[in-house]
Amino acid sequence: PPADAAAGKRVYMRCMACHTVNAGGANKVGPNLSGVVGKKAAAVKGFRYSAAMTKSGVTWNDATLDKWLTRPASVVPGTSMVFAGLSKPEERKAVIAYLKKPAP
60 PPADAAAGKR
70 VYMRCMACHT
80 VNAGGANKVG
90 PNLSGVVGKK
100 AAAVKGFRYS
110 AAMTKSGVTW
120 NDATLDKWLT
130 RPASVVPGTS
140 MVFAGLSKPE
150 ERKAVIAYLK
160 KPAP
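Here's what the structure looks like:
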């Protein structure tokens, strides 16, 4: 079944303490995630990324986001993101579907 962006929004609520997702939204502890799918890592202007993220060469797509949401350090060793990961594949797919939707 296709991933449910509405379910992804509910899962994303866990991310809101550190990330915004609104177009033009401010960076917080983490960067604004508006339009993140298809972008290169460390591309959000005005956010101070770790050296590891800046040098990673990662492009955010379904596969890299799924791996990142499972365990961030598996994608970017030395990342400064403090997040244990989402163990449920359906939650990761839903969050990715939500991040693909046009930002409000």
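Heads up, the final residue of the sequence shown is numbered 163 in this note's numbering, and it's a clean run with no missing numbers. Even for Gly, the Cβ is constructed at its ideal location relative to N, Cα and C. The structure presented is a predicted model; accordingly, all values stated were derived computationally and were not measured.
Item	Value
Backbone CA spacing between Glu149 and Ser93 [nearest angstrom]	21 Å
Separation of Ala153 from Ala82, as counted between CA atoms	20 Å
Status (buried if at least 16 other CB within 10 Å, exposed otherwise) for Pro90	buried
Same chain, Cβ closer than 6 Å to Tyr157, five either side skipped, listed in chain order	Ala64, Gly67, Lys68 and Tyr71
DSSP-derived helix/strand/coil call for Lys147	coil
Short Cβ contact (8 Å threshold) for Val117 with Val88	no
Arg73, buried or exposed, once every other Cβ within 10 Å from all chains shown has been counted against 16	exposed
Residues of its chain near Met140, where Cβ-Cβ distance is below 7 Å and the 5 sequence neighbours each way are ignored	Gly89 and Pro131
C-alpha gap between Gly137 and Arg151, whole angstroms	22 Å
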